[in-house]
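Those letters in the sequence shown? Residues 24 to 289, by this note's numbering. Glycine residues also receive a C-beta, built at the ideal position from the N, C-alpha and C atoms.
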Amino acid sequence: MAENTVEIRTVNVTRYVTPLREGGSLPAIAEADDGFMYVLKFRGAGQGIKALIAELIGGEIARTLGLKMPEIVFANLDTAFGRTEPDEEIQDLLKASVGLNLALHYLSGAITYDPVVTKLAPQLASQIVWLDALLMNVDRTPRNTNMLVWHKELWLIDHGASLYFHHSWQNWKEQAVKPFVQIKDHVLLPQATLLSEVDAGYKAILTEERIRAIINLLPDEWLATDEQEATVAERRQVYADFLITRIASSHIFVKEAQQHAGKILI
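Next comes the structure, spelled out in structure tokens:
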């Protein structure tokens, strides 16, 4: 996308279909008033709104870089929703998630990416490793790849475990220039042999204007609920500055990934 305007649709959840009992966040398949099915991520679950923030930022950066992501939408949950839900745990989750949540278009029939069955080309593997090193995404491992194969193409999902600096705002400047040591556990690292080439191209795409356009998607209400004393504008600025700084210093996390990849290949 060459332009620096990004838009996210808003839908209203009309039907809770079934929980996806994966991890502690308890996402669900739900239907919205546009007639489509979505994987709904709840503001009242797990890491709460910060996971939704990471999901939105990570997903839209991935899309900007040309990687395949299901459409992300804002999903409104009404106070009356879920009153008939018999499961007490789910009912509590729904009550805690009234308001604006996040959802990804449901890829019906998709299968989980299996690195044993499918080997990715070095270019695509390097692109995904670079993205996850930028975002500090700890959740793309052989145990949990968070990638799907749909219509014979690879799709990325679930960036909620990214940007963990925002769980402790005080040292974000240090975090922005740190190597990402956990990249050693990335499922695609052995195939990521073109990181230097990918780095040059991706830095050209992720301009400051593009990053700010993505950060501006964050709803004010998501940025106003933190316990820290900071304004919405200040918090938005930190997200933008963190990513802009990290992209400018990408040689640090690229070098870290290449070192670990070299150890795997030896």
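Supposed contact pair residue j and residue i - C-beta distance, whole angstroms, cut 8 Å
i: Arg259; j: Ile238; result: 6 Å
i: Phe97; j: Leu125; result: 7 Å
i: Ile270; j: Leu229; result: 5 Å
i: His190; j: Lys73; result: 7 Å
i: Gln150; j: Val221; result: 5 Å
i: Pro138; j: Pro165; result: 6 Å
Top-ranked residue by Cα proximity to residue i, from the options
i: Val172; options: Gln214, Phe203, Tyr129; result: Tyr129
i: Leu123; options: Ala280, Thr216, Ile31; result: Ile31
i: Ala55; options: Ile80, Leu127, Glu112, Leu90; result: Leu127
i: Asn99; options: Ala263, Gln193, Asp57, Glu111; result: Asp57
i: Leu79; options: Glu197, Leu229, Gly183; result: Gly183
i: Ser273; options: Pro109, Leu117, Ala103, Ala199; result: Ala199
i: Phe203; options: Thr164, Ala253, Ala227, Ala280; result: Ala280
i: Asp162; options: Gln205, Glu176, Glu197; result: Gln205
i: Tyr61; options: Leu43, Ile76, Gly71; result: Leu43
i: Ala263; options: Lys196, Lys207, Ala53; result: Lys196
Cβ-based burial, residue i [other Cβ within 10 Å; buried from 16]
i: Val261; result: buried
i: Ile289; result: Note that Ile289 has pLDDT 44, beneath the 50 cutoff, so the model's placement of it is unreliable and no number is given.
i: Asp181; result: buried
i: Met24; result: Its pLDDT being 40, under 50, Met24 is placed unreliably by the model, and the measurement read from it follows with that caveat. Under this definition Met24 is an exposed residue.
i: Thr160; result: Per the sequence shown, the amino acid found at residue 160 is Asn instead of Thr. Buried, since its Cβ has 16 or more Cβ neighbours within 10 Å.
i: Val36; result: buried
i: Gly82; result: buried
i: Ala51; result: buried
8 Å Cβ cutoff met for residue i and residue j
i: Leu143; j: Ile84; result: no
i: Leu218; j: His283; result: no
i: Met92; j: Tyr136; result: no
i: Gly67; j: Ser120; result: yes
i: Ser185; j: Leu147; result: no
i: Trp178; j: Ala133; result: yes
Fill in: Secondary structure, beta strand (DSSP E): runs of 3+ residues fully inside the region 121 to 149
Along the length of the region 121 to 149, whole beta strand (DSSP E) runs at least 3 residues long occupy 122 to 128, reported in chain order.
Worksheet entry | Complete alpha helix (DSSP H) runs within the region 37 to 88 (minimum length 4 residues, chain order) | Scanning the region 37 to 88 from its first residue to its last, the whole alpha helix (DSSP H) runs of 4-plus residues come out as 72 to 87.
Worksheet item: Taking only runs of the beta strand (DSSP E) that begin and end inside the region 168 to 219, which ones reach a length of at least 3 residues, in chain order?
Response: 170 to 173, 176 to 179
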